[in-house]
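Peer 1: Residues 43 to 93 (my numbering) make up the sequence shown, in order. In this text, a Cβ means the ideal position worked out from N, Cα and C, and glycines have one as well. First the structure, which I've put down as structure tokens, then a few questions once you've had a look.
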Amino acid sequence: MSGKHSKVCAVTSPRLLDKLTSNAEFSCSICGAKSHDKRSVCEPVPIEPDH
């Protein structure tokens, strides 16, 4: 990704999408996309862990 952070909702590469969404900790409050990095979604909201 060379310094740039791809937004999950704009990714078209299945490999990159798998990498960005593995072990998701944040979701986008606009479109619901999930990511492990809050910089990869437009409006990050922390995902509450299941208990």
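(1) Apart from the five residues on each side of it in sequence, which residues of its chain come closer than 8 Å, Cβ to Cβ, to P91?
(2) Can you tell me where the alpha helix (DSSP H) holding P56 begins and where it ends?
(3) Tell me the rounded alpha-carbon separation between P56 and A75.
(4) Would V31 be called buried (16 or more neighbouring beta carbons within 10 Å of its own) or exposed?
Peer 2: Let me lay it out:
(1) The residue labelled residue 91 in the question sits at position 49 within the sequence shown. Here the set comprises nothing.
(2) Numbered from its first residue, the sequence shown carries residue 56 at position 14. Where P56 is concerned, the enclosing alpha helix (DSSP H) stretches over P56 to T63.
(3) Locating residue 56 in the sequence shown gives position 14, where the first residue counts as 1. Locating residue 75 in the sequence shown gives position 33, where the first residue counts as 1. Straight-line Cα distance between these residues: approximately 14 Å.
(4) Look at the range of the chain in this structure, 43 to 93, and you will see that residue 31 is not part of it.
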